[in-house]
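In our numbering, the protein residues as written are 2 to 349.
Right, here's the structure in full:
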């Protein structure tokens, strides 16, 4: 892609998110989300592969549906209450519709079905943008919608954690596994959104760091399915030893960074007398942990059967920049000792 066009599209992504962040009017927030969607569509379809075009079409249809629902709900709110302000949501019907529209935008279960299919059709760099940056603007709006329907948020959250864990169990494609992982993590964030928005923000931040580490690791080792992972030990031994730690951090295993947000969320849910919900969420984390362990096992404890020469990748040294990966993976693995300081900063 032409660098000027790429710069324009990336500027559009940043502009759309910034407009949504800065807006207190539903029309401006909707406009920011639309700019965001229109900026990422060419990035998704840039390879012109049929799978990429199909993924782009599915993404565009899902986002257009969510945007239409959001606009309809905000107009209904203006009609019922005379207010366009995001903080002045007084009627339960538009509030519920807006939460569902934003859930479709970010891919919360049961409105998640587009997410694995779309991510599977994209390259890892665009998939990273879709899994991280594209979540920011809708999350900003979700945090501002008050008073939200608490029951609806809890149902969306617990459904997402279960579907995210259950859906990834039988997958062999890494991008689909990452999509279900994203759905499960978003569920954890939504569970605690009503009780502690600052904790939701902390979880989102940690999720971004862990997902960035994993996407960059897979990009450097050029892995798209479990079979490719089994050959990565010969190409990048150091990376092969780091990726299982990143995966287990995503699964929330102590003493890694990923345990921190899950621990604080379970603590907060228990404080709110939602112990059964916290138990179900903790059990759903075991489902996710299983497929992360499966990937770790495939990388470190198996050797691929190399019967065909075509299955062997070229083992040339990689000249890709690894500094961002080094910083992100260190943060992903080593941040748990800072838990008291982090809790003091984010759980006021």
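Every residue, glycine too, gets a C-beta built ideally from N, C-alpha and C. Please read these numbers as outputs of a predicted model, since none were measured by experiment.
Using 8 angstroms for Cβ pairs, my map puts residue i next to residue j. What's the rounded Cβ distance?
i: residue 107; j: residue 139; result: 5 angstroms
i: residue 198; j: residue 144; result: 5 angstroms
i: residue 282; j: residue 134; result: So it is not a contact: roughly 26 angstroms between Cβ atoms.
i: residue 251; j: residue 298; result: Contact flag wrong, Cβ pair sits at about 15 angstroms.
i: residue 202; j: residue 347; result: 7 angstroms
i: residue 142; j: residue 103; result: 6 angstroms
i: residue 162; j: residue 285; result: 4 angstroms
From the DSSP output, which residues share a beta bridge with residue i?
i: residue 174; result: 226
i: residue 86; result: 26
Reducing DSSP to helix, strand and coil, say where residue i ends up.
i: residue 186; result: helix
i: residue 300; result: helix
i: residue 347; result: helix
i: residue 335; result: helix
i: residue 197; result: coil
i: residue 166; result: helix
i: residue 323; result: coil
i: residue 122; result: coil
i: residue 3; result: coil
i: residue 255; result: coil
i: residue 46; result: coil
i: residue 341; result: helix
i: residue 108; result: coil
i: residue 262; result: helix
i: residue 117; result: helix
i: residue 78; result: helix
i: residue 273; result: coil
i: residue 280; result: helix
i: residue 127; result: helix
i: residue 245; result: helix
i: residue 1; result: No answer is possible for residue 1: it lies beyond the span of the chain, which begins at 2 and ends at 349.
By a C-beta neighbour count over all protein chains shown, 10 Å radius and 16 as the cutoff for buried, is residue i buried or exposed?
i: residue 171; result: exposed
i: residue 242; result: exposed
i: residue 17; result: buried
i: residue 262; result: buried
i: residue 25; result: exposed
i: residue 181; result: buried
i: residue 235; result: exposed
i: residue 308; result: The predicted model places residue 308 with a pLDDT of 49, which falls under 50 and marks its position as unreliable, so this point remains unresolved.
i: residue 23; result: exposed
i: residue 311; result: Residue placement at residue 311 cannot be trusted, given a pLDDT of 49 that sits under 50; what the coordinates show is reported in the next sentence. When all chains shown are included, residue 311 counts as exposed.
i: residue 218; result: buried
i: residue 185; result: buried
i: residue 328; result: exposed
i: residue 28; result: exposed
i: residue 80; result: exposed
i: residue 88; result: exposed
i: residue 289; result: buried
i: residue 191; result: buried
i: residue 173; result: exposed
i: residue 224; result: buried
i: residue 183; result: buried
i: residue 5; result: exposed
i: residue 176; result: buried
Query raised in the report: Using 8 angstroms as the Cβ pair cut-off and three pairs as the minimum, do the region 31 to 39 and the region 57 to 68 touch?
Result: yes
Query raised in the report: Touch check for the region 319 to 339 and the region 254 to 269: three-plus C-beta pairs under 8 angstroms?
Result: yes
Query raised in the report: Does the pairing of the region 119 to 128 with the region 43 to 51 give three or more beta-carbon distances under 8 angstroms?
Result: yes
Query - the region 4 to 15 touching the region 90 to 108, judged by at least three CB pairs closer than 8 angstroms - result: no
Requested in this report: Tell me, please, whether the region 149 to 168 touches the region 219 to 231 by the rule of three or more beta-carbon pairs shorter than 8 angstroms.
Outcome: Segments in contact, no.
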